[in-house]
Each structure stands twice: as structure tokens, then as C-alpha cells.
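Notes follow once the structure below has been shown.
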Amino acid sequence: MSSKFHDMLAERSYLIADGATGTNLFGRGLETGYPPELWNVERPDDILWLHDSFLQAGSNLILTNSFGGTSFRLKLHDAQDRVEELNHAAAVNAVTAVTNHRDKTGIDAIVAGSIGPTGELFEPLGALTPDSACEAFTKQASALSEGGVDMLWVETMSSTEEVDAAVTAAKTTGLPVAVTMTFDTASRTMMGITPQQFAEQAVALGVDVLGANCGIGPAELMHSMTGMTATALAANIPMVAKGNCGIPAYVEGAIHYHGTPELMASYALFARDAGISIIGGCCGTTPAHVAAMSAALASRPAGVLDEDDMQAVLGTPWADVQTSSDATDDGAGGRRGRRGRRRS
213 MSSKFHDMLA ERSYLIADGA TGTNLFGRGL ETGYPPELWN VERPDDILWL HDSFLQAGSN
273 LILTNSFGGT SFRLKLHDAQ DRVEELNHAA AVNAVTAVTN HRDKTGIDAI VAGSIGPTGE
333 LFEPLGALTP DSACEAFTKQ ASALSEGGVD MLWVETMSST EEVDAAVTAA KTTGLPVAVT
393 MTFDTASRTM MGITPQQFAE QAVALGVDVL GANCGIGPAE LMHSMTGMTA TALAANIPMV
453 AKGNCGIPAY VEGAIHYHGT PELMASYALF ARDAGISIIG GCCGTTPAHV AAMSAALASR
513 PAGVLDEDDM QAVLGTPWAD VQTSSDATDD GAGGRRGRRG RRRS
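Read in order, the letters of the sequence shown are residues 213 to 556 in the working numbering.
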């Protein structure tokens, strides 16, 4: 399959993705609970600033500001009838940022249309049906495609049903499709899916990229990635890692992430040594973190992953979560942790 994404990935050994959306927009005045997607039309200059900041930091793949762009998520803000408008605007903003950056520097980048979870539970646990989910995702994917994105990016998923619905919808556009899950509950998703189970599903769905994002911190993210590596490599499917910038903590009335640029740079090197082709950040990751990651990857050649060294630098994964061999093998015990968070 030929596409801008595939062509660019074939030209280099890795791509650098962007970082967080919400965390960085908070610094521009976004209030907690307010949907960033509305800023695509209300404050497009701030969205252009965000995209440009990551492009200047070295990102050659950026995600649109459309994570909560399904009718289900927008309904929480009485904007369910604005799916096409907001997602199309998100795509146009990102494409504009890339075009402006290319005109100034001669450096191109990929625009990936972000598609996050609906926030609903599927039957019988909730009221969401496969048909209604697929319809909502299709409407979002179509608007992003019409806005000019280069690929679709299904992210932060926790259930196999939602992965199936979102990927099926994304593939109707004919664009390349990436899909990531969030493993934040003792090496499983909130709905109990292991990295290997997810990788097998993603391969069967015929996605172009698979991986993990968000979760707890870079140590846990990399632990999850090692659980899908064999399946992805055997199927010759590129992997993406977009880890949180350390572990969040509530300090003086706000959420702060402990990860330094140096920590994220180390994480990026370990990710590349693990065979991961697309490396970026999630919650808490600023352009400064991405710049450090970009510099580290450019200055050191790829090597062989040293898991002991990785643990010494990034920390012991799931150290703050009760785990057991059963937690990975059959889900009996040890499965308590944090619920997935939006890409902030």
C-alpha cells in the first residue's frame, strides 16, 4: 500500500510523533472539563500554536485535536450535531500547520486524525451497540478524511469491541489506520485485554500500525509494548509507543507529571531499541520533552534493548499496583489500577 505515511516511514528508521494536547492547552487557558475540540473553531490560533510547537521540536507525525470528536463525547457538551464541523476543522488546522512548517523549513510531516473512545460501555454492560459505535466513528473518520488527514489514528481504546468498531469505520476512508490501546490496570486494559490479545486482534483487522499509548508512565508503557512485539514483528506491522510523561501527581491543586525531558529521551531510545518505529508522548508531554527525544534519537544509533538497563532508568513497571503471574495469564487477581485517561 502506497501512502504518504508508508513512504515517509520507508525513508527513515523511525518517526517522532507529538505529545499531549490538553496538558499544553491548559497553559493557554483551556479550563478543566471544557472540550478541546471546540477550540478548533473558537481558538484555532492556539491549536496552530500547539501543532507548530511540536513540529519545531522535531515531530514528523502530529495528531489532530479531535480525540473526543464522536457524537457520544460531544453530546456531553451539547455539540453532538457538530461532528463534521469540528473534526473537519481539526484536520484543516493540523494540515495548515504542517503546510506552514514545510514552507518555512522544507520539512514535511504526517497528519493523523485522532479518534478516541466514545466513553460508553458496550452491551450488556452498557447501552452501546456495535452498529451505533461504528456509525459514530464512521462520521468522525469521514470528516477527518475530508479535512485532509494522511491517516486515521484510533487511540486510547480499552475494549476489543470498540477497537473493532473504530478500525472498521476508519478503514472505510481508504487511509492507513493506526490503533493503540491503553494498558493501565496491571498490564491489561480497563476491560481486561492483554497486549498480546490486542496485537492479535489488530493484525487480524489488517491495521497499518499498532501499539500503546497513555497508561501510567513510560516504564509501564514499555512493558506493555514488549507484550505485543513478537506478534507485530511476525506480521511485519510497525509499532507505535506514546507513553505518558512519567506518573501524574496532584500537586497544589493541579496535575503534574514527574517525567523530565531526560527521562523521556531515555524512554525514546529504549523504544527504538525495542523495534518500535513511531515514538511519541502522551499525557504531560510538552514540546520540550519531544525536542529532547528527537535530539537523543538523532545522536545515538539504534542498539539492542537491554531490559535490565531500561528498568534501572525508567523504573519497575507496575510497582504501585498489586500484581501476580495470574494478572497477566488469566486475569485472576492483581487487576486494580487507574482507569484510562484522555490524551492530555
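Even for Gly, the Cβ is constructed at its ideal location relative to N, Cα and C.
Predicted model, so just to flag it, every value in this text is computed and none were measured.
Between which two residues does the alpha helix (DSSP H) containing Val525 stretch?
Note, Val525: alpha helix (DSSP H), Glu519 to Leu526.
So, are the CB atoms of Ser215 and Phe279 less than 7 Å apart?
No, the Cβ-Cβ distance between Ser215 and Phe279 is not below 7 Å.
Between Leu445 and the rest of its own chain, which residues show a CB-CB distance below 7 Å, the 5 nearest in sequence each way excluded?
Within the same chain, Leu445 has close Cβ partners Gly487.
Let me check one thing: in DSSP terms, what residues is Val375 bridge-paired to?
According to DSSP, which records beta bridges pairwise, Val375 is partnered with nothing at all.
Quick one: Cα of Val307 to Cα of Phe266, how far?
Straight-line Cα distance between these residues: approximately 13 Å.
Along the beta strand (DSSP E) that carries Tyr558, what are the first and last residues, could you check?
What the structure shows of the chain is the stretch from 213 to 556, and residue 558 is not part of that stretch, so it cannot be assessed.
Do you know offhand how far Ile491's Cα is from Met402's?
Between Ile491 and Met402, the C-alpha separation is close to 23 Å.
Are there 16 or more other CB atoms within 10 angstroms of the CB of Ile319, so buried, or fewer, so exposed?
Flag for Ile319 reads exposed.
Assign His470 to one of three DSSP states: helix, strand, or coil.
If DSSP states are grouped into helix, strand and coil, His470 belongs with coil.
Specify the secondary structure class of Ala306 as computed by DSSP and reduced to three states.
Of the three classes helix, strand and coil, the one that applies to Ala306 here is helix, per DSSP.
Return the CA-CA distance between Ser371 and Arg400, expressed in angstroms with no decimal places.
Approximately 10 Å between the Cα atoms of the pair.
The alpha helix (DSSP H) spanning Val502 covers which residue range?
Looking at the DSSP string, the run of the alpha helix (DSSP H) that includes Val502 is Pro499 to Ser511.
If you count every other CB in all the chains shown that lies within 10 Å of the CB of Thr317, and 16 or more means buried, which is it?
Thr317 is exposed by the Cβ-count criterion.
Taking C-alpha atoms, which residue in Gly338, Leu340 and Asp264 lies nearest to Asp315?
When each option's Cα is compared against that of Asp315, the closest is Asp264.
With a threshold of 16 other CB atoms inside 10 Å of the CB of His435, please say whether the residue is buried or exposed.
It is buried - the Cβ of His435 has at least 16 other Cβ atoms within 10 Å.
If we define contact as Cβ-Cβ less than 7 Å, is Ile467 a contact residue for chain D?
Among the protein chains of the structure shown there is no chain D, as only one such chain exists.
Which two residues bound the contiguous beta strand (DSSP E) that contains Met363?
Looking at the DSSP string, the run of the beta strand (DSSP E) that includes Met363 is Met363 to Met369.
Rank Ala321, Leu364 and Ser344 by C-alpha distance to the C-alpha of Met220 and give the top, closest one.
Nearest C-alpha to Met220: Ala321.
If you draw a straight line from the alpha carbon of Ile449 to that of Pro388, how long is it in whole angstroms?
Taking the straight line from one Cα to the other gives about 12 Å.
Spatial neighbours of Ala431 within its chain, please: CB distance less than 6 Å, with the 5 preceding and 5 following residues excluded, ordered by chain position.
Within the same chain, Ala431 has close Cβ partners Leu526, Gly527 and Pro529.
So the beta strand (DSSP E) Pro460 belongs to, where does it begin and stop?
Unbroken beta strand (DSSP E) run through Pro460: Pro460 to Val463.
Report the residue ranges of all alpha helix (DSSP H) runs contained in full by the segment 304-364; include only those spanning at least 4 residues, in chain order.
Those alpha helix (DSSP H) runs which fall completely within the segment 304-364 and span 4+ residues are 342-358.
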